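A quick write-up on the structure given underneath.
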Amino acid sequence: MRPAQWKDYELIDTCDGERLERWGDILLIRPDPQIIWSGERKDPRWGKAHARYHRSKTGGGRWETYQKMPDVWKIRWEDLTFRLKPMGFKHTGIFPEQAVNWAYTRELIRQAGRPVKVLNLFGYTGAATLACLAAGASVTHVDASKGMVQWAKENAQASSLADRPVRWLVDDCLKFVQREQRRGNVYDGIIMDPPSYGRGPGGEVWKLEEQLYGLVEQCVPILSQQPLFFLLNSYTTGLSPSVMAYLLGLLLKPRFGGEVSADEIGLPVTATGLTLPCGSTAIWARARAGVRGRTGQENPSAKGAPGRLAPQANKIPLHFVRRGACPRRAGKSLRKGRSGILGGVTEPGAVEGD
Ligand SMILES: C[S@@+](CC[C@H](N)C(=O)[O-])C[C@H]1O[C@@H](n2cnc3c(N)ncnc32)[C@H](O)[C@@H]1O
Numbered sequence: 071m072r073p074a075q076w077k078d079y080e081l082i083d084t085c086d087g088e089r090l091e092r093w094g095d096i097l098l099i100r101p102d103p104q105i106i107w108s109g110e111r112k113d114p115r116w117g118k119a120h121a122r123y124h125r126s127k128t129g130g131g132r133w134e135t136y137q138k139m140p141d142v143w144k145i146r147w148e149d150l151t152f153r154l155k156p157m158g159f160k161h162t163g164i165f166p167e168q169a170v171n172w173a174y175t176r177e178l179i180r181q182a183g184r185p186v187k188v189l190n191l192f193g194y195t196g197a198a199t200l201a202c203l204a205a206g207a208s209v210t211h212v213d214a215s216k217g218m219v220q221w222a223k224e225n226a227q228a229s230s231l232a233d234r235p236v237r238w239l240v241d242d243c244l245k246f247v248q249r250e251q252r253r254g255n256v257y258d259g260i261i262m263d264p265p266s267y268g269r270g271p272g273g274e275v276w277k278l279e280e281q282l283y284g285l286v287e288q289c290v291p292i293l294s295q296q297p298l299f300f301l302l303n304s305y306t307t308g309l310s311p312s313v314m315a316y317l318l319g320l321l322l323k324p325r326f327g328g329e330v331s332a333d334e335i336g337l338p339v340t341a342t343g344l345t346l347p348c349g350s351t352a353i354w355a356r357a358r359a360g361v362r363g364r365t366g367q368e369n370p371s372a373k374g375a376p377g378r379l380a381p382q383a384n385k386i387p388l389h390f391v392r393r394g395a396c397p398r399r400a401g402k403s404l405r406k407g408r409s410g411i412l413g414g415v416t417e418p419g420a421v422e423g424d
């Protein structure tokens with residue numbers, strides 16, 4: 071497991087299907103179906119939360135506010151600034167567990183020693199885009215939601231990165247990739263964190279388990295001759311880290327060689343010392359970065375641990391893959407995943423097309 075390290079964000083405690091989190095100075099209680107254990111809510115901050123999200127049995131839910139709080143506030147991760155606000159489906163605008171992936175990709179970009187072009191698909195509020203921009207890459211950011219792309223631009227502004235080389239596109243990811251093939255555009259790195267279920271701006275239906283292989287396959291021709299990385303993240307989809315590693319290995323290794331690894335990512339829980347699993351990431355990389363999952367500090371537990379990028383064998387490194395480590399949700403709708411509930415975006419029109 072690769073735990074994300076933060077100063078401005080803290081997963082304080084987990085209990086009875088809920089997590090208590092600090093986002094800067096704001097305390098939120100949010101549901102998390104993975105938290106199937108009970109316990110005593112010893113931390114006094116449980117009683118000081120600003121708001122709690124109640125999930126409705128009929129889908130969706132609502133925020134209940136206990137204390138006055140700003141409509142929008144900001145937190146920082148390293149040199150990046152993110153705007154936050156409580157939204158539908160318990161979201162705040164950031165998935166903090168992703169910090170390990172931001173740290174990893176930006177280390178690869180910094181070590182590349184050459185100009186790097188990154189494509190961030192399903193880019194949401196732009197955190198991964200900003201991490202790559204800050205490391206010196208040029209980035210194409212694609213998301214179906216006009217509102218999310220606008221939010222990502224505001225995060226770039228807040229992080230003083232608005233003048234960096236970035237294309238912000240409201241588009242359907244699959245259609246965009248197919249157009250890039252026709253245009254002959256290529257990328258040195260691709261990041262994708264697709265939802266279980268979503269819709270493109272023209273109503274195009276995205277179903278992860280039916281379309282993921284096809285999308286990754288369509289991405290292969292738009293990788294440059296010497297690509298640096300391909301990062302695939304998934305949450306609550308029934309896709310194990312092993313399956314994600316196979317997918318990247320099958321599609322990328324025959325053409326580019328390189329290494330594939332996969333592991334859970336998670337958030338350290340202050341009260342218990344445990345790490346709450348928050349999804350899985352598979353990474354294909356041409357060469358190993360100096361660190362894996364580093365977020366400002368070297369993570370000593372990552373050395374020699376499963377999931378580390380160090381396989382020598384020219385095959386998918388199963389010994390680096392934590393079998394069965396993915397939090398499976400047998401019997402639960404895929405749409406209940408963290409990504410899935412973000413689907414359904416129906417804003418019309420893509421800003422780029424041919
Ligand atoms: C899980 S979020 C991505 C999270 C992000 N990578 C991060 O860690 O901050 C999923 C995003 O996919 C977008 N989306 C869903 N279906 C899409 C499609 N067919 N094409 C483009 N974007 C889509 C949604 O608008 C949403 O912003």
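Per the working numbering, the very first residue in the sequence shown carries number 71; after that it's consecutive.
Using N, Cα and C, we set each Cβ at its ideal position, and we do this for glycine too.
This one's a predicted model, so the numbers in the text were calculated from it and none came from an experiment.
Beta-carbon proximity of residue i to residue j, cut-off 8 Å
i: residue 292; j: residue 247; result: yes
i: residue 115; j: residue 90; result: yes
i: residue 80; j: residue 101; result: no
i: residue 18; j: residue 207; result: Lying before the first or after the last residue shown, residue 18 is absent from the chain, which here runs from 71 to 424.
i: residue 163; j: residue 195; result: yes
i: residue 119; j: residue 98; result: yes
i: residue 86; j: residue 341; result: no
i: residue 40; j: residue 78; result: The chain is shown only over 71 to 424; residue 40 falls outside these bounds and no answer can be derived.
i: residue 228; j: residue 211; result: no
i: residue 76; j: residue 205; result: no
i: residue 311; j: residue 266; result: no
i: residue 309; j: residue 244; result: no
i: residue 233; j: residue 188; result: no
i: residue 302; j: residue 352; result: yes
i: residue 241; j: residue 271; result: yes
i: residue 209; j: residue 225; result: no
i: residue 167; j: residue 282; result: no
i: residue 331; j: residue 315; result: yes
i: residue 339; j: residue 294; result: no
i: residue 121; j: residue 156; result: yes
i: residue 135; j: residue 144; result: no
i: residue 71; j: residue 329; result: no
i: residue 96; j: residue 139; result: yes
i: residue 231; j: residue 287; result: no
i: residue 214; j: residue 269; result: yes
i: residue 160; j: residue 129; result: no
Residue i beta carbon near ligand 1 (any heavy atom closer than 7 Å)
i: residue 287; result: no
i: residue 159; result: no
i: residue 168; result: yes
i: residue 269; result: yes
i: residue 194; result: yes
i: residue 300; result: no
i: residue 212; result: yes
i: residue 165; result: yes
i: residue 78; result: no
i: residue 243; result: yes
i: residue 102; result: no
i: residue 276; result: yes
i: residue 304; result: no
i: residue 197; result: yes
i: residue 331; result: no
i: residue 312; result: no
i: residue 347; result: no
i: residue 350; result: no
i: residue 71; result: no
i: residue 265; result: yes
i: residue 230; result: no
i: residue 294; result: no
i: residue 126; result: no
i: residue 108; result: no
i: residue 208; result: no
i: residue 139; result: no
Test: residue i CB closer than 8 Å to a CB of chain C
i: residue 246; result: Included in the structure is just one protein chain, with no chain C present.
> Can you list the beta strand (DSSP E) stretches of 3 or more residues lying completely in the segment 230 to 316, in chain order?
Replying inline: 236 to 240, 259 to 262, 267 to 269, 275 to 277, 299 to 304
> What are the complete alpha helix (DSSP H) segments, minimum 4 residues, inside the segment 174 to 240?
Replying inline: 197 to 204, 216 to 228
> Whole alpha helix (DSSP H) runs in the segment 100 to 125 with 4 or more residues, listed along the chain?
Replying inline: Runs found: none.
>> Report the start-end ranges of each beta strand (DSSP E) in the segment 318 to 367 that is 3 residues or longer and not cut off at the edges.
In response: 329 to 338, 345 to 355
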